[in-house]
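A.B. asks:
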Amino acid sequence: DPIGIVAGLFDMAEYTILAMTQEKLMHRALEKAAEFLLPKVEAIAQALPGRMWRICGPEYASPPYLPPRLFAEYVTKYVTPMVQAIQKHGGIARVHSHGRLKDILDEIASTGCDALDPIEPPPQGDVELSYVRERYGKQLVLFGNLEVSDIENLPADAFEEKVRRALREGTAGTGRGFVLLPSACPYGRKVTERTLRNYETMVRLTEHGGGN
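Numbering (my numbering), first residue to last: 64 to 275.
(1) How would you write the range of the beta strand (DSSP E) that G207 sits in, first residue to last?
(2) Under a Cβ-count criterion, where at least 16 other Cβ atoms within 10 Å of its own Cβ denotes burial, should A82 be classed as buried or exposed?
(3) Output yes or no for whether 8 Å exceeds the beta carbon distance between R228 and G273.
(4) Leaving out the 5 sequence neighbours to the left and right, which residues in its chain are closer than 8 Å to P218 when beta-carbon positions are compared?
(5) Round the Cβ separation of G67 and G120 to the nearest angstrom and send it over; I've been treating them as touching at under 8 Å.
(6) Does the structure place the segment 168-178 close enough to the segment 195-206 that three or more beta carbon pairs sit under 8 Å?
(7) Do V142 and D213 have their C-beta atoms within less than 8 Å of each other?
(8) Looking at the strands, I want to know which residues DSSP matches up with C119.
(9) Taking 8 Å as the cut-off, decide whether the C-beta atoms of H161 and E122 are in contact.
(10) Compute the Euclidean distance between the alpha carbons of V158 and D180, then round it to the nearest angstrom.
(11) Say whether the segment 232-244 touches the segment 202-211, bearing in mind that this needs 3 or more beta-carbon pairs closer than 8 Å, one atom from each stretch.
(12) In this structure, does DSSP put D189 in helix, strand or coil?
(13) Do you know offhand how far M145's Cα is from V104's?
(14) Inspect the beta-carbon positions of P126 and D177 and report whether they are closer than 8 Å.
(15) Using DSSP with H/G/I as helix, E/B as strand and the rest coil, what is V242?
(16) Give the secondary structure of L164 by DSSP, where H, G and I count as helix, E and B as strand, and everything else as coil.
(17) So, helix, strand or coil for L179, using DSSP?
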């Protein structure tokens, strides 16, 4: 999205200072990015209808980097037309945003997007999956809720409980759907035996309704 493009032009310290203190200048930069990005999204969505899209970048405007009011200014305003262009041609628009979500969930939902990932549990995130499912699950397909650091480091029994909890909370009540998903790919160059076993646990419990 535009904020992902613009933020990437700076180091993080410069970006956050600029975004907090130079709102008019930031909007000029975002509008410049949107000028070439939105037509590209519209053209691809038309040429390849019905695809799933993942919109990356919103996390640059999420807490603690920026306050929620600036998420509305820098993300909602520019992502909403992207979502509309994707959906116009039968596509599914999924927003990607790591870290804290609780104070920006209303803004994410207001874009009209269809899905959200990776919904990291505390302490990396600041909201439980059950909270998101209860309040936004009828609009959004929810993806994620497993930290890759847990996949790589937790012993089998502790990790299994995390998977069971995610499956239980992600499918509670009514909603559009839940996809169990790691927050990232493996960090290391080698996949350890523990990591492999934990990935297998994810598959086993998902296939056999392991949320109970």
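We put the beta carbon where it would ideally sit given N, CA and C, even for glycine.
C.D. replies: Looking at the atomic coordinates:
(1) Here the question's residue 207 lines up with position 144 in the sequence shown. Note, G207: beta strand (DSSP E), 204-209.
(2) Taking the first residue of the sequence shown as position 1, residue 82 is located at position 19. Looking at its Cβ environment, which holds 16 or more other Cβ atoms inside 10 Å, A82 is buried.
(3) Position 165 of the sequence shown, counted from the start, is the residue given in the question as residue 228. Position 210 of the sequence shown, counted from the start, is the residue given in the question as residue 273. No.
(4) Along the sequence shown, read from residue 1 onward, the residue named residue 218 stands at position 155. The residues are R257.
(5) Translated into positions along the sequence shown, residue 67 becomes position 4. Translated into positions along the sequence shown, residue 120 becomes position 57. Confirmed, Cβ separation roughly 2 Å.
(6) yes
(7) Locating residue 142 in the sequence shown gives position 79, where the first residue counts as 1. Locating residue 213 in the sequence shown gives position 150, where the first residue counts as 1. Going by C-beta atoms, V142 is not nearer than 8 Å to D213.
(8) Mapped onto the sequence shown, residue 119 falls at position 56. According to DSSP, C119 bridges with H159.
(9) For the purposes of this step, residue 161 is identified with residue 98 of the sequence shown, where counting begins at 1. For the purposes of this step, residue 122 is identified with residue 59 of the sequence shown, where counting begins at 1. Cβ distance < 8 Å, so H161 and E122 count as in contact.
(10) As a working note, residue 158 is residue 95 in the sequence shown. As a working note, residue 180 is residue 117 in the sequence shown. Their Cα atoms are separated by approximately 6 Å.
(11) yes
(12) On the sequence shown, position 126 is the one that residue 189 refers to. DSSP places D189 in coil when its eight states are reduced to three.
(13) To locate residue 145, count along the sequence shown from 1; it is residue 82. To locate residue 104, count along the sequence shown from 1; it is residue 41. Looking at the two C-alpha atoms, the distance is approximately 7 Å.
(14) For the purposes of this step, residue 126 is taken as residue 63 along the sequence shown, with counting starting at 1. For the purposes of this step, residue 177 is taken as residue 114 along the sequence shown, with counting starting at 1. It is not a contact, given that the beta carbons lie outside the stated cut-off.
(15) As a working mapping, residue 242 is identified with position 179 in the sequence shown. V242 falls in the strand class under three-state DSSP.
(16) Translated into the one-based positions of the sequence shown, residue 164 becomes position 101. If DSSP states are grouped into helix, strand and coil, L164 belongs with coil.
(17) By one-based count along the sequence shown, residue 179 stands at place 116. Residue state, collapsed to three classes: strand.
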